[in-house]
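Reviewing the structure listed below.
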Amino acid sequence: MKRVRFWGTRGSLPVALTAAGVRAKQLAALRAAAGRGFASDAEIGAYLDGLPFAARATYGGHTSCVEIETGGTEFLLCDLGSGARPFGLAALARHPRGTALTFHVFMSHLHWDHIMGLPFFVPGFIPGNRVVIYGSHAGLEAALLRQQEPPSFPVGFDTLFGGRVEFVHLEPGVAREVAGVRVTSMLQRHGGDSYGYRFESQGRTVIYSTDSEHPLAEAEHTERFVEFFRAADLVIFDAMYSLADSISVKADWGHSSNVVGVELCQLAQARHLCLFHHEPVFDDAAIDSVLAETRRLEEITRGGAAPLRVSAAYDGLEIEL
Ligand SMILES: [Zn+2]
Ligand SMILES: [Zn+2]
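Per my numbering, residue 763 is the first one in the sequence shown, and the count goes up by one each step.
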């Protein structure tokens, strides 16, 4: 495992930056630059790099799809949200045409936002490639086939993929070796169940844990997750709600918060918490402030422990392992 790349980071449904949103960013950037001169594109670039993320970029709007890069012709992917489409095109561009590629896809669960990218996953249309979809839901295969049944989609599953897609049932808690990586899954609390994944290879550990609610009053639940997250280099964590929402109005909605992410990662002595599955209602500035608040919380609660790095995932983010 060399690095993690985020292709879709939004929860529940895709969202797009609007014309008004772009204009607001331009206004803010130009206002802050008033009276300044720039001698070159490099100077403009340096100025833009100094702006807050929300003023110069966007977190993006594709739904869940995360790549764990191995560097070869075998790919590891978590979920098939709408981010699977740009991932598929980029994966093809990385190898000479005609190279046989294998895609190992680990499904957290079967809600629309995690499966909607599959019918647009171009590498699966190409003879010679393989797509292996792993999951623990009994209805895994049926849900993906149903997504492409009339009247919901114009091309049937078998017509589009021509037998290049295989399904593998994973037993939660039982480790499995895939493309040189040890993969273990665990049941999570979410409507219709979801599964988190622990990926381990060459002394590096990545956790993918989205669409998961954590009732912190239940000690046994907390212990199970602390053990699952133990000493991870990176924890990709469902931080869709604020803590206040997650324990009041949105309790039992099946998602977690940035605050719970910090607590679990600190208990597990993980090194890096990446906030993921952003609330679609949040604009870039709102996610920026969730990130700033999370970093402050981490500092205040750190005690004598090593710092926990905190970041917020965006479409296009790469994290080196
Ligand atoms: Zn989701
Ligand atoms: Zn879900």
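Glycine included, every Cβ here is placed at the ideal spot set by N, Cα and C.
Cutoff 6 Å; reference residue i; Cβ partners in own chain excluding five residues on either side
i     : result
R1057 : V1072
G918  : Q910
D1046 : A816, T820 and Y821
R992  : A1030
R1084 : The structure shown does not extend to residue 1084, since the chain is modelled only from 763 through 1083, so no value can be given for it.
E985  : none
R818  : L810
Spatial distance of residue i from residue j (CA atoms)
i     : j     : result
G935  : D875  : 25 Å
A853  : G1066 : 42 Å
L813  : S774  : 29 Å
I1081 : A796  : 34 Å
G860  : T832  : 19 Å
G901  : P1069 : 41 Å
M878  : A781  : 25 Å
D1050 : L907  : 38 Å
Q1079 : G1023 : First, the residue type needs correcting, since residue 1079 is Leu and not Gln in the sequence shown. Roughly 19 Å between the two C-alpha positions.
T835  : D1077 : 22 Å
L924  : S974  : Correcting the residue identity first, residue 924 is Gly in this sequence and not Leu. C-alpha separation (whole angstroms): 34 Å.
H952  : A862  : 36 Å
G897  : K787  : 40 Å
M948  : S971  : 9 Å
P1042 : L792  : 27 Å
S802  : A790  : 21 Å
I969  : L1083 : 12 Å
Neighbourhood of residue i by C-beta, 8 Å cutoff - its chain only, sequence neighbours within 5 removed
i    : result
E939 : V945
F915 : P881 and Q909
L922 : P881, G886, F887 and Q910
R856 : none
L978 : T984, V1022 and E1025
Identity of the residues DSSP links to residue i by a beta bridge
i     : result
I998  : Y970 and C1036
R827  : Per the sequence presented here, residue 827 reads as Cys, with Arg not at that position. DSSP, once it has assigned bridges, lists G770 as partnering C827.
F868  : C840 and Y896
Y957  : L949
Y821  : According to DSSP, Y821 bridges with nothing at all.
Y1076 : Paired residue(s): none; Y1076 is not in a bridge.
V940  : V943
S1019 : Y1003
R1071 : H1034
S914  : In the DSSP output, where bridge partners are listed per residue, S914 has none listed.
I1049 : I1049 pairs with nothing; no bridge assigned.
I1081 : V766
E928  : V894
S802  : Answer is none; S802 lacks a bridge partner.
Residue i and residue j closer than 8 Å at C-beta
i     : j     : result
C840  : Y959  : yes
V894  : T864  : yes
G823  : R772  : yes
C1027 : A1075 : no
T967  : A1001 : no
L842  : F883  : yes
L1059 : V1021 : yes
Beta-carbon proximity list for residue i, same chain, < 7 Å, skipping 5 on both sides
i    : result
F929 : I895, L902 and E903
A778 : G823
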